[in-house]
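Asks:
In my numbering, the protein residues as written are 3 to 389.
1) Ends of the beta strand (DSSP E) at residue 122?
2) Please tell me whether residue 118 and residue 389 are closer than 7 angstroms, where the distance is taken between their beta carbons.
3) Grouping DSSP H, G and I as helix and E and B as strand, with all else coil, what is residue 202?
4) Can you confirm whether the stretch 247-260 touches the stretch 213-223 when touching is taken to mean that 3 or more C-beta pairs between the two stretches lie within less than 8 angstroms?
5) Flag this pair as yes or no: are the beta carbons of residue 316 and residue 90 separated by less than 7 angstroms?
6) Which residue marks the beginning of the alpha helix (DSSP H) containing residue 231, and which one marks its end?
7) Could you check which residue in 266, 311, 224, 347 has the C-alpha nearest to that of residue 279?
8) So, at 7 angstroms on beta carbons, what are the nonlocal neighbours of residue 146 in its own chain, with the 5 sequence-adjacent residues on each side left out?
9) Secondary structure at residue 383, three-state DSSP: helix, strand or coil?
10) With a CB to CB cut of under 7 angstroms and the five nearest residues on each side skipped, what residues in its chain are close to residue 282?
11) Helix, strand or coil for residue 134 per DSSP?
12) Using DSSP with H/G/I as helix, E/B as strand and the rest coil, what is residue 158?
13) Assign residue 17 to buried or exposed, taking buried as 16 or more other Cβ atoms, counted over all protein chains shown, within 10 Å of its Cβ.
14) Can you tell me where the beta strand (DSSP E) holding residue 260 begins and where it ends?
15) Is the distance from the Cβ of residue 385 to the Cβ of residue 375 below 7 angstroms?
16) Taking the CB atoms as reference points, tell me whether residue 350 and residue 160 lie closer together than 7 angstroms.
17) So what's residue 340 in DSSP terms, helix, strand or just coil?
18) For residue 168, does the three-state DSSP call read helix, strand or coil?
19) Classify residue 128 as helix, strand or coil using the three-state DSSP reduction.
20) Kindly indicate which three-state DSSP category residue 327 falls into: helix, strand or coil?
21) CB residue 164 to CB residue 260, shorter than 7 angstroms?
22) From 295, 368, 162, 343, pick the residue whose C-alpha is nearest to that of residue 245; which is it?
23) Grouping DSSP H, G and I as helix and E and B as strand, with all else coil, what is residue 1?
24) Tell me residue 361's beta-bridge partners as DSSP assigns them.
25) Which class does residue 219 belong to by DSSP, given the choice of helix, strand or coil?
26) For the alpha helix (DSSP H) holding residue 143, just list the boundary residues, first then last.
27) Can you tell me whether residue 352 is buried or exposed? The criterion is at least 16 other CB atoms within 10 Å of its CB, across all chains shown.
28) Select from 308, 371, 216, 97 the residue whose C-alpha is nearest the C-alpha of residue 134.
29) For the alpha helix (DSSP H) containing residue 269, list its first residue and its last residue.
30) Do you know how far the Cα of residue 191 is from the Cα of residue 158?
31) Determine the direct distance from the alpha carbon of residue 116 to that of residue 127, and round the result to whole angstroms.
32) Given this structure, state the Cα-to-Cα distance separating residue 85 from residue 123, to the nearest angstrom.
33) Rounded to whole angstroms, what is the Cα-Cα separation between residue 342 and residue 275?
34) So residue 174 and residue 266 are supposed to be a Cβ contact under 8 angstroms. How far apart are they, rounded?
35) Of the residues 359, 348, 358, which one's Cα is nearest the Cα of residue 380?
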């Protein structure tokens with residue numbers, strides 16, 4: 003298809019890849035700040051026997067040795083190259099008609115607006131579901147008073163992986179990633195044209211992965227490494243505590259029990275489940291269209307702060323495709339999110355039945371027909387948007 007407006011086409015292609023990166027990076031962003039060294043430059047010397055698969059049930063203050071303590075750090079000004087373009091705003095300003103169609107589609111996404119939901123069963127006390135942004139950016143952890151009020155009422159707080167910022171869990175994640183990220187044989191980039199391969203190698207070199215290591219790494223690992231901004235780590239004075247970790251800390255301080263909705267093994271398995279063909283396509287599109295991770299992060303932040311999570315699920319179809327067929331990923335992405343949602347709900351059932359629970363998961367797990375809001379409703383609960 004010929005491009006009537008090259009600048010617009012480039013922006014749309016970036017947006018299409020954004021959905022893929024966002025969906026596949028839900029877990030990745032959650033703990034990459036803590037396990038960053040393993041992600042940035044893994045070596046075979048890091049390979050150790052993986053910890054046995056576990057289904058952690060609780061995590062309390064005795065385990066709360068944080069890997070880093072930087073509370074009270076002064077704010078840091080971000081370099082110009084670290085400030086991305088909000089792709090939704092860019093579409094709105096460059097093509098009002100397309101934006102209107104996109105917005106109409108986004109508003110049709112089930113439960114696509116809102117971050118805090120009240121859950122009520124028959125006769126039990128209310129629980130709450132909150133969508134987090136897996137980030138240490140101040141905007142992600144400046145919680146609204148309604149969120150804090152719901153958190154203070156909780157006897158049990160459930161997050162995807164409690165303790166992800168502790169040495170114990172971070173080290174386990176590093177071991178698991180090191181074990182899963184190396185390819186036993188073959189060249190991981192062998193299916194890519196030479197020019198694309200060179201661009202991939204140049205991009206990942208910026209975050210510390212040398213070309214001699216690249217060919218030994220699994221495609222899923224490299225695809226996600228490309229989605230990581232070099233601005234997101236190593237900034238002096240930045241408080242590394244993520245929004246999820248802050249919720250856990252508040253919970254421990256008020257005496258609530260912490261419950262895990264996933265295990266480290268399950269989180270790494272979710273990332274490693276990305277098919278090679280999807281990962282290679284992600285790499286090719288990201289480099290050919292010059293997708294900047296900073297643009298993706300800016301787009302996510304813009305939608306999160308306005309509580310329009312459903313817009314992320316609507317970033318597909320002809321409006322966003324341009325020269326990129328994001329719909330080719332649709333089935334895989336739906337399975338990637340929905341499969342984890344079903345497992346999370348199964349673990350949440352006992353605490354929802356008891357009431358007075360606060361569930362905090364990545365915001366992308368909330369909307370859509372396979373989202374947690376809808377799944378909890380189907381389980382017999384009344385779920386009402388609060389904020």
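Cβ coordinates follow ideal geometry from the N, Cα and C atoms, glycine included.
Replies: The answer reads as follows:
1) Note, residue 122: beta strand (DSSP E), 118-122.
2) Yes, the pair counts as a contact, with Cβ atoms nearer than the cut-off.
3) Of the three classes helix, strand and coil, the one that applies to residue 202 here is helix, per DSSP.
4) The stretch 213-223 is not in contact with the stretch 247-260.
5) Their beta carbons are not under 7 angstroms apart, which means residue 316 does not touch residue 90 by this criterion.
6) For residue 231, no alpha helix (DSSP H) encloses it, and the DSSP letter there is neither H nor E.
7) Looking at the Cα atoms, 224 is the closest of the given residues.
8) Here the set comprises 389.
9) It is coil, neither helix nor strand.
10) Here residue 282 has 193, 194, 221 as same chain residues with Cβ atoms under 7 angstroms from its own Cβ, once five neighbours each way along the sequence are excluded.
11) The DSSP-derived three-state label of residue 134 is strand.
12) Note: residue 158 maps to strand in three-state DSSP.
13) Its pLDDT being 41, under 50, residue 17 is placed unreliably in this model, and the value from its coordinates should be taken loosely. So residue 17 ends up on the buried side.
14) Per DSSP, the continuous beta strand (DSSP E) segment holding residue 260 begins and ends at 259-262.
15) Taking 7 angstroms as the Cβ cut-off, residue 385 and residue 375 qualify as a contacting pair.
16) Result yes, Cβ atoms of residue 350 and residue 160 sit closer than 7 angstroms.
17) Residue 340 falls in the helix class under three-state DSSP.
18) Strand, per DSSP.
19) If DSSP states are grouped into helix, strand and coil, residue 128 belongs with coil.
20) Since pLDDT at residue 327 reaches only 44, below the 50 mark, its modelled position is unreliable, and the value read off the structure follows with that caveat. When secondary structure is reduced to three states using DSSP, residue 327 falls in the coil class, being assigned neither helix nor strand.
21) Cβ distance < 7 angstroms, so residue 164 and residue 260 count as in contact.
22) For the set 295, 368, 162, 343, the Cα lying nearest the Cα of residue 245 is the one of 162.
23) Outside the displayed span of the chain (3 to 389) sits residue 1, for which this structure offers no information.
24) Beta-bridge partners of residue 361 (DSSP): 131, 160.
25) When secondary structure is reduced to three states using DSSP, residue 219 falls in the strand class.
26) From DSSP, residue 143 is part of no alpha helix (DSSP H); its letter is neither H nor E.
27) By the C-beta density criterion, residue 352 is exposed, having fewer than 16 other C-beta atoms within 10 angstroms.
28) With distances taken between Cα atoms, residue 134 lies closest to 308.
29) Start and end: 266-274.
30) Rounded to the nearest angstrom, the two C-alpha atoms are 45 angstroms apart.
31) Taken atom to atom, the span from the alpha-carbon of residue 127 to that of residue 116 is near 21 angstroms.
32) Cα to Cα, residue 85 sits roughly 44 angstroms from residue 123.
33) Looking at the two C-alpha atoms, the distance is approximately 12 angstroms.
34) About 5 angstroms separates the two Cβ atoms, so the contact holds.
35) Answer by Cα proximity: 348.
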